[in-house]
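**Student:**
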Amino acid sequence: MAEISLAELIAQLGLDPARPRFAGVDLSGVDLSGLDLRRLIFRNARLIQTDLSRCRLTGADLFRARLRGARLVEAELSEAVLAWSHLEGADLSGADLSAVNLTHARLHGADLTGVDLTNTDLSTADGVG
């Protein structure tokens, strides 16, 4: 389980608790596993080697997020925006990536074992296939 609660994280970063935006924030190496992060904004965030395992990220905006080496094991990412994101070496095993926007996402070396890609277009993603 996460080493910090979402409320504690929001307070530490001085974000508006009513509408927290994590755009551009550096959370590299932080354990956020199991948190409910649905529909939150992580545009351009640094999430390098961050543990997001079993997180609920449905509808989250991770446009251009840097997720190299991140753990997203069994994460719920359906309908999330991961366009132009860096997922090199990320562990996405067992994750739900149904209806995810992966336009130009970089997936070299990512573990996609058991991933649900229903209604997800990988045609412009880099490093797949």
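Quick note on this note's numbering: the sequence shown kicks off at 1 and runs consecutively.
Glycine included, every Cβ here is placed at the ideal spot set by N, Cα and C.
Within the continuous alpha helix (DSSP H) that includes I131, where are the two ends?
**Tutor:** The structure shown has nothing for residue 131, since the chain only spans 1 to 129.
**Student:** Strictly by DSSP, which residues pair up with I48?
**Tutor:** Paired residue(s): none; I48 is not in a bridge.
**Student:** For V81, which three-state DSSP category applies?
**Tutor:** strand
**Student:** Is DSSP giving H108 helix, strand or coil here?
**Tutor:** In the displayed model, H108 falls within coil according to three-state DSSP, outside both helix and strand.
**Student:** Leaving aside the five residues before and after I10 along the sequence, list all residues of the same chain whose C-beta is less than 6 Å from its C-beta, in chain order.
**Tutor:** Residues of the same chain with a CB within less than 6 Å of the CB of I10, apart from the 5 flanking positions on each side, are P17 and P20 in chain order.
**Student:** Kindly list the residues whose CB is nearer than 7 Å to the CB of R64, restricted to its own chain and excluding five residues on each side of it in sequence; keep chain order.
**Tutor:** Only R43, N44, W84 and S85 meet the Cβ criterion.
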